[in-house]
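The sequence shown begins at 4 in the numbering used here and counts up by one. What follows is one structure encoded as structure tokens, with my remarks underneath.
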Amino acid sequence: MKINITTNNTVAKTIVFPLVDNEKLAENLSKIAKHVGLSAETLQQDFKAGAKETLVLYGAIEGLEKVYLLGLGKTPKAMDFVKVFRSFFYNSKKKLPKNVGLKLKLAGLEAHTEQIVNGICLAEYEVGAYKTDAKKVAEFFTEDAILEIQVAENCLESAEKSAEIGQATAETQARIMALVDAPANFKYPQKLAEFAIESGKKYGFDVKVYDEKQCLELGLHALLAVGRGSTENPARFIVMEYLSPSATLGELVADSRSTSPERSRRVGLVGKGVTFDTGGISIKGSASMSYMKSDMGGAGAVLGAVELAAKLKLPVHLIGVIPATENCVDGNALKPSEVISSYSGKTIEVIDTDAEGRLVLADGLAYIKKNFEPDVIIDLATLTGNCIAALGYVAAGLLSNNDELANQLLETGQETGEKLWRLPLWDDYKDMMNSDVADIKNLSSLPLAGAITAAKFLETFIDGHTKWAHLDIAGLAFGDSEFAKMKSATAYGVNLLTTFLRK
Ligand code: BES
Ligand code: ZN
Ligand code: ZN
């Protein structure tokens, strides 16, 4: 679907008028009534512009086939635009023709073009990719379809830029949703590596993939320990590096290892890439185990953020690291009680093989800190059920040793609708991870504060870095929605990280 931003009247015969329930509603409805040849009173009576409320008017006047009124509620926030437009276009896409007009000018909604376009483009995504009769693409989303968006003259340029960003974001979000939704036999560590390689080629960033032999040479022992139970699909360590073209010019210093204060801002991202988590020898119950195909949701967020940053040519130096493995059961699998080594050199007593995410992240964090010295490190992981117990499916847990970074992330999450809530990272919790036999153990003996003790474990591996944030996205990467009957991927983190980088 192509998007045309225009200041003219749209030529489309199907038109969507989004409306806010504010003091201008009656006046706006009168204008629409006039436009379609209906009485203003009837429209005002039948349409109150509640969030997601729709009213369709058929062929009331020459040259118009359908006019949709779409309600946005009283004071819609940025995220509400995404939600309402995704929902409306998802539910009506089969009924829409190839040419649709969207009038933003009437209600003065041009400032929300990015979110509106993002919501519309996300509506294309479907979870049924593996059905033999995989649904045909709706006419409205075919390549030669055109969405004409009418804006006021003074908004033309900014709306064009915003529409581009909204569409680019949705495309990457949909690719990440497809990856997180992919079943375990279609998605294993090498598949994540291939995704990164193809994305790097297309959008211009470097990708290095280390196979299990190279992982051993590097000393990624904690990652390899988790991967031992997976003989068919061995671990991969994926390192992506995007350096903005503008960083090679002017004030920004290109050398990625430079410690000059003028070099471009270097951000390190680490994503948990467990492509399926059986729990290992500490095996999970079978109820809902199939959802553990989404245990690479953190990796998805990082793959998406690097892809989108490169696509949007953001002026940053971005490093994305993904320790990717399955956590499976086998005679050779990691056993509780084992003491393993790690990239950092620290030894870890494995109490529970289901607490595997922190093991692979330990290597990812230590690696990125040592090899790239990023200014900021952010890791994302579907790490603990305990975080879901604390915050439900509403907000991801945020644990950080830096108030400024934490506040920036909290604020960004409010904006994009990818909510975060901060949990403490006090040293009072540290002793719970002390091991009698090794430097640290991977599970506290007390079944308390599990999201925090997991973060205290990770903190051990950042080697004193002072600007680190850990996002526990266990409840957010995969969730219930109106777009599928079972839980499905959300692409949580892609927009959050990219918006954070844009700022
Ligand atoms: N992948 C899970 C966490 C998870 C739970 C993600 C629910 C998404 C939804 C993680 O590896 C895990 O198994 N965590 C255990 C840790 C426990 C053994 C201490 C958990 O939270 O139950
Ligand atoms: Zn687990
Ligand atoms: Zn896991």
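The beta-carbon is built from N, C-alpha and C at its ideal position, and this holds for glycine as well.
Separation of residue j from residue i, as counted between CA atoms
| i | j | result |
| --- | --- | --- |
| ALA238 | THR145 | 38 Å |
| ALA290 | LEU32 | 51 Å |
| LEU105 | THR502 | 25 Å |
| LYS51 | MET82 | 21 Å |
| PHE198 | LEU41 | 52 Å |
| ALA132 | GLU201 | 20 Å |
| TYR370 | HIS468 | 12 Å |
| ARG269 | THR45 | 58 Å |
| PHE375 | LEU22 | 48 Å |
| LYS37 | VAL103 | 20 Å |
| PRO318 | ILE168 | 15 Å |
| LEU449 | ASP430 | 16 Å |
| ALA398 | LYS422 | 5 Å |
| GLU127 | VAL59 | 21 Å |
| ILE152 | LEU159 | 10 Å |
| PRO192 | GLU235 | 11 Å |
| LYS506 | MET295 | 33 Å |
| ALA313 | ALA15 | 34 Å |
| GLY276 | TYR61 | 50 Å |
| THR415 | LEU499 | 6 Å |
| THR13 | ASN157 | 17 Å |
| VAL154 | ALA162 | 8 Å |
| MET4 | LYS134 | 24 Å |
| ASP382 | LYS373 | 15 Å |
DSSP state of residue i mapped onto helix, strand, coil
| i | result |
| --- | --- |
| ALA472 | strand |
| ILE64 | coil |
| GLY360 | helix |
| TYR128 | coil |
| GLU352 | strand |
| ASN11 | coil |
| LEU255 | Residue placement at LEU255 is poorly supported in this model, since its pLDDT is 39, which falls under 50; the coordinates still yield a value, given next. Coil at LEU255, not helix or strand. |
| LEU227 | helix |
| ASP209 | strand |
| GLU522 | The chain is shown only over 4 to 506; residue 522 falls outside these bounds and no answer can be derived. |
| PRO100 | coil |
| PRO74 | Before going further, note that residue 74 is Gly rather than Pro in the sequence given. Here GLY74 sits in strand by DSSP. |
| LEU1 | With the chain running from 4 to 506 in the structure shown, residue 1 is simply not present. |
| ASP136 | coil |
| GLU244 | strand |
| MET489 | strand |
| GLY111 | coil |
| ILE325 | strand |
| SER285 | coil |
| ASN405 | coil |
| ALA141 | coil |
| PHE92 | helix |
Chain-order list of residues whose beta-carbon lies under 6 Å from that of residue i (same chain, five-residue window excluded)
| i | result |
| --- | --- |
| ILE455 | LEU426, TYR432 |
| LYS101 | GLU142, ALA148 |
| VAL453 | Note that residue 453 is Gly in the sequence shown, not Val. Same-chain partners within the cutoff: THR387, ASN389. |
| HIS115 | PHE84 |
| SER249 | PRO318 |
| VAL183 | SER297, GLY300, GLY303, ALA492 |
| ALA365 | ALA225, SER345, PHE464 |
| GLY348 | none |
| ALA457 | ARG361, LEU386, THR387 |
| LYS190 | THR278 |
| GLU56 | GLY74 |
Same chain only: Cβ atoms within 8 Å of residue i, ignoring 5 sequence neighbours per side
| i | result |
| --- | --- |
| LYS34 | LEU109 |
| PRO497 | One point to set straight first is that residue 497 is Val, not Pro, in the sequence displayed. Same-chain partners within the cutoff: THR172, THR175, GLN176, ILE179, GLY303, ALA304, GLY307, ALA308, LEU311. |
| ASP24 | LYS51, ALA52, GLY53, GLY74, LEU75, GLY76, LYS77 |
| ILE18 | LEU67, LYS69, VAL70, TYR71, VAL103, GLY104, LEU105, LYS106 |
| ALA521 | This structure leaves residue 521 out entirely; the chain is present only between 4 and 506. |
Cut-off 7 Å between Cβ atoms - residues of its own chain near residue i, not counting five sequence neighbours on either side
| i | result |
| --- | --- |
| ALA1 | What the structure shows of the chain is the stretch from 4 to 506, and residue 1 is not part of that stretch, so it cannot be assessed. |
| ILE354 | PRO339, LYS444, ASN445, LEU446 |
| ASP483 | LYS490 |
| LEU227 | GLU215, CYS218, LEU219, ALA238 |
| PRO377 | ARG269, VAL270, GLY271, ILE322, ILE371 |
| ASP49 | LEU58 |
Contact test: residue i Cβ vs ligand 4 heavy atom, cutoff 8 Å
| i | result |
| --- | --- |
| ALA358 | Ligand 4 is not part of the structure shown, which contains ligand 1, ligand 2 and ligand 3 as its ligands. |
8 Å contact criterion, which residue i and residue j should meet: CB distance rounded
| i | j | result |
| --- | --- | --- |
| LEU195 | TYR245 | Rounded, the Cβ-Cβ distance is 17 Å, inconsistent with contact. |
| GLU329 | THR278 | 5 Å |
| ILE8 | ALA181 | 28 Å between Cβ atoms; not a contact. |
| PHE88 | GLY122 | 3 Å |
| GLN170 | VAL242 | With a Cβ gap of about 29 Å, GLN170 and VAL242 do not count as contacting. |
| SER555 | CYS331 | Absent from the model: residue 555. The displayed extent of the chain is 4 to 506, so no value can be given. |
Cβ of residue i within 9 Å of any chain B Cβ
| i | result |
| --- | --- |
| VAL324 | The structure shown has no chain B; it contains just one protein chain. |
**OP:** Give, in chain order, every unbroken run of the beta strand (DSSP E) that is at least 3 residues long and sits entirely within the segment 12-66.
**Re:** 17-22, 57-61
Original post:
Which runs of the beta strand (DSSP E) spanning at least 3 residues fall entirely within the segment 410-447, listed in chain order?
Top reply: Qualifying beta strand (DSSP E) stretches, in chain order: 423-425.
Subject >> Secondary structure, beta strand (DSSP E): runs of 3+ residues fully inside the segment 165-206 >> reply: none
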